[in-house]
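Taking it in order: structure first as structure tokens, then the write-up.
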Amino acid sequence: MGQTKDSGSEERPKWDNKAQYLLTCIGFAVGLGNVWRFPYLCQIYGGGAFLIPYLIALVFEGLPLLYLELAIGQRLRMGSIGVWNSITPLLGGLGIASSIVSFLISIFYNTILAWVLWYFFHSFQNPLPWSQCPLNDNLTGYNVECEKSTPVNYFWYRETLNITPDIETSGSLQWWMVICLASSWCVVYICFIKGIESMGKAVYVTATFPYLVLTIFLIRAIFLPGATDGLVYLFTPDWETLKNPQVWLDAATQIFFSLSVAFGGLIAFSSYNAERNNCERDALLVGIINSATSLYASISIFCILGFKATTGYNACLKENIMFLTNYFSDQNITVENYKQWFDHLNETFPDKVFSLNLRECDLQTFLDQSASGTGLAFIVFTEAVIEMPASQVWAILFFVMLFSLGLSSMFGNIEGVLTLINDLKFVPRWIPNELVTAILCLISFLVALIFTLGSGNYWVEVFNSYVGSVPLLIIAFFEIIAVIYIRGMKTFSEDIYFMTGRRPNIFWKACWMVISPVMLLVVLVAYVIIQAQTHPTYHTWNPDYERNPQTQVKPYPDWVFAIILLLCVVPVISIPLVAFYKLICRVRNPSATAVFRLTHRNRSSKDMESYNATMTLT
């Protein structure tokens with residue numbers, strides 16, 4: 001890894017080449033959400049119609065924010081805390097807020113990778129362990145809970161999570177999950193042990209391998225029975241859904257979180273660039289690749305979902321045919337002529353057909369069965385894999401792909417936390433970075449043990465739903481205010497001219513000055529209003545629900561709702577606290593305030609470089 005002198009005469013790491021930087025940014029932006037959340041949103045919001053608000057959010061919200069972060073990090077050549085503190089100490093808390101969010105997200109995000117490892121280890125078994133029910137304790141039959149649900153549900157809820165009935169019942173630590181979690185953090189540490197030097201090597205694999213697997217899956221999936229039905233379902237727009245304001249809200253938040261802005265990681269990554277790098281081209285490249293990946297993954301996923309729906313539909317028909325054939329033995333009923341025979345028998349012998357209690361078989365119903373997040377990866381997909389030839393191979397490839405996606409995203413989260421540690425000088429300089437990273441991974445592992453409890457999956461859902469919502473919207477809004485209205489649009493334009501050789505066009509200026517901050521405010525207010533109108537709920541696994549194990553919706557207890565509020569507030573509380581502290585310092589030391597104002601008003605590039613080198617948080 002090459003080194004370059006920073007403005008403050010301190011040596012700052014530098015990427016070996018442009019490919020390392022781009023792959024790292026792409027790997028950070030492209031994550032598990034591209035594989036399971038984007039297809040889910042397309043599924044519930046009218047297929048191709050969802051792409052309209054999604055693309056609008058990408059153009060007017062996502063890309064301008066991505067460009068802004070890459071540009072300011074590259075120009076000031078600092079981590080998140082140093083960047084915002086150098087623009088104005090009043091917003092020094094922005095970097096702290098980003099680091100706290102990165103830490104909270106990394107601890108639950110790596111738990112998902114632990115689940116992936118668990119499934120990966122079991123993917124080598126033949127048959128796959130989630131393809132059939134285990135025997136009961138007496139070895140006289142199959143497990144009752146498994147028989148009443150499905151082998152896939154049983155393996156996920158019981159064998160993997162050993163889940164409790166609700167979030168208030170904690171349960172014990174699941175030792176197998178503790179081992180998988182420790183293994184996951186060890187992999188993260190090994191990849192990050194030398195900072196961007198080792199991380200830059202790892203991204204060659206973690207950022208490219210998922211595309212290879214997605215391509216293999218696409219080639220295989222398009223030839224599966226029912227794949228066409230899945231693709232038709234994906235690309236058939238339901239224009240009525242665009243009248244639903246929730247569609248626009250989810251599209252705005254999806255592109256915002258998908259690009260991983262406001263975490264601090266992208267600012268840190270761009271700070272290792274050469275000063276004359278074309279950051280505008282980088283932002284467009286990363287943003288377009290990220291969105292294209294979501295669509296590319298959706299094609300493979302919907303081919304597989306179409307195959308699963310067709311398989312379930314045919315199984316439903318065969319079950320009904322078996323009952324009809326037993327009752328009307330003289331009839332030659334097949335899957336192909338089922339509808340014709342059913343209509344005929346229902347008209348001729350309606351009472352007899354009604355008494356059979358036949359299942360309602362409808363392909364559209366099977367396609368409409370929605371699943372997001374863990375449901376798509378660990379239930380829907382694993383169930384579909386069972387029916388595929390060489391199912392072990394496809395399971396191994398799928399979970400290796402998920403682990404690669406998650407690992408590359410973890411690099412950005414860890415970098416965001418290490419930025420806080422280094423910029424605030426929490427650790428003496430004589431302690432090596434390898435030890436600092438090891439301590440961070442160990443602390444994260446210990447905190448994440450809560451997710452290995454019997455109630456761990458419920459807490460993962462809490463963190464996933466609320467840590468990356470309101471805090472990131474607030475952080476992003478103040479980032480735009482800091483760069484455009486405090487540093488100044490004119491100064492920022494000169495910064496971009498210095499780096500790229502041309503000033504930002506009218507589109508970028510309009511987005512930064514008006515469109516993007518207004519969109520962020522609208523999304524934030526709408527999100528808060530929607531959340532305030534209803535009490536949050538969550539899905540529990542009830543093995544005794546009406547004698548048929550299934551998920552059940554329950555409201556969060558009041559004490560959990562209080563924790564949810566804390567998760568939304570605590571990460572960003574540093575913003576007003578640091579601003580208040582700095583104001584007090586200015587009042588107590590007016591001479592320092594005058595110096596700051598002079599520097600802020602007459603900041604040329606060289607002046608700012610000198611100022612940035614000497615400025616600290618305190």
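Take 1 as the starting number for the sequence shown in full-length UniProt numbering and just add one per residue. Just so it is clear, CB atoms sit at the ideal spot from N, CA and C, and this is done for glycine as well.
Going along the chain, which residues of its own chain have a beta-carbon closer than 6 Å to the beta-carbon of Trp239, five neighbours each way excluded? Ala49
Given that a residue counts as buried once 16 or more other Cβ atoms are within 10 Å of its Cβ, and exposed if not, what is Leu473? buried
Gln340 by DSSP, collapsed to three states: which one? helix
By how many angstroms is the C-alpha of Ile112 removed from the C-alpha of Ser455? 14 Å
For Pro536, I'd like the list of residues in its chain whose CB is within less than 6 Å of its CB, leaving aside the five on either flank, ordered along the chain. Tyr556
Compute the beta-carbon to beta-carbon distance between Pro576 and Leu104, rounded to the nearest angstrom, for a pair I have assumed lies under 8 Å. The pair is not a contact, with the Cβ atoms about 19 Å apart (cut-off 8 Å).
Who are residue 621's beta bridge partners in DSSP? Outside the displayed span of the chain (1 to 618) sits residue 621, for which this structure offers no information.
So Leu68 packs on Ser270, CB below 8 Å; how close in whole Å? The Cβ separation is near 11 Å, so there is no contact.
Gly375 to Ser99, Cα distance in whole Å? 29 Å
Between Val578 and Arg588, what straight-line distance do the alpha-carbon atoms span, to the nearest angstrom? 15 Å
Quick one: what does DSSP say Tyr45 is sitting in, helix, strand or coil? coil
Rounded C-alpha distance that separates Met337 from Val187: In the sequence on display, residue 337 carries Asn and not Met. Roughly 54 Å separates the two Cα atoms.
Got a sec, what are the start and stop residues for the alpha helix (DSSP H) residue 623 sits in? In the structure as shown, the chain starts at 1 and stops at 618, and residue 623 therefore has no counterpart that could be examined.
Between which two residues does the alpha helix (DSSP H) harbouring Ala29 extend? Lys18 to Ala29
Return the bridge partner residues of Tyr142 from the DSSP annotation. Leu135
Below 7 Å, is the gap between the Cβ of Gln246 and the nearest heavy atom of the ligand FAD? The ligand content of the structure shown is nil, which means the ligand FAD is not present either.
At what residue ranges does the stretch 411-485 contain a whole run of the alpha helix (DSSP H), taking only runs of 4 or more? 433-447, 456-466 and 470-480
Could you have a look at residue 629 and say whether DSSP puts it in helix, strand or coil? No statement about residue 629 is possible, as the shown extent of the chain runs from 1 to 618 and does not include it.
Counted within 10 angstroms of its Cβ, other Cβ atoms place Met322 as buried (16 or more) or exposed: exposed
So the candidates are Val569, Val522, Phe561 and Ser516; which of them puts its Cα closest to the Cα of Thr534? Phe561
Tell me the DSSP secondary structure of Pro225 in three-state form. coil
Would you call Cys25 buried or exposed, if buried means 16 or more other Cβ atoms sit within 10 Å of its Cβ? buried
Residue burial classification, Glu546 (beta-carbon count within 10 angstroms, cutoff 16): Unreliable positioning characterises Glu546 in this predicted model, as indicated by a pLDDT of 49, which lies under 50. The coordinate reading is nonetheless provided below. Looking at its Cβ environment, which holds fewer than 16 other Cβ atoms inside 10 Å, Glu546 is exposed.
Tell me the residue span of the alpha helix (DSSP H) that contains Pro151. Pro151 to Tyr154
Return the chain-ordered list of same chain residues with a C-beta closer than 7 Å to the C-beta of Ala252, the five sequence neighbours on each side being excluded. Ala57, Glu61, Met519 and Val523
Short of 6 Å in beta carbon distance, which residues of its chain neighbour Phe596, apart from the five on each side in sequence? Order them along the chain. Low per-residue confidence applies at Phe596: pLDDT is 48, beneath 50, and the placement is therefore not dependable enough to give any value.
Can you tell me whether Ile96 is buried or exposed? The criterion is at least 16 other CB atoms within 10 Å of its CB, across all chains shown. buried
Does DSSP classify Arg597 as helix, strand or coil? Reliability fails at Arg597, whose pLDDT of 48 lies under 50, so the model's placement of it is uncertain and the value that follows must be treated cautiously. Helix.
Would you identify the three-state DSSP class for Leu13, choosing helix, strand or coil? For the sequence presented, residue 13 should be read as Pro rather than Leu. The answer is strand: DSSP assigns Pro13 an E or B state.
Can you say whether Asp362 is buried or exposed, counting buried as having 16 or more other CB atoms within 10 angstroms of its CB? exposed
Ala448 and Ile107 closer than 8 Å at C-beta: yes
According to the neighbour-count rule (16 or more other Cβ atoms, all chains shown, within 10 Å of its Cβ), is Leu598 buried or exposed? The predicted model places Leu598 with a pLDDT of 44, which falls under 50 and marks its position as unreliable, so this point remains unresolved.
Out of Ile301, Asp558 and Leu358, which has the shortest C-alpha to C-alpha gap to Phe38? Ile301
Member of Tyr458, Leu55, Leu231 and Asp423 whose CA lies at the smallest distance from the CA of Ile288: Leu55
Nearest candidate by alpha-carbon position, reference Ser260, set Leu567, Asn143, Leu63 and Tyr157: Leu63
Do Gly47 and Thr236 come within 8 Å of each other at the CB atom, strictly closer than that value? yes
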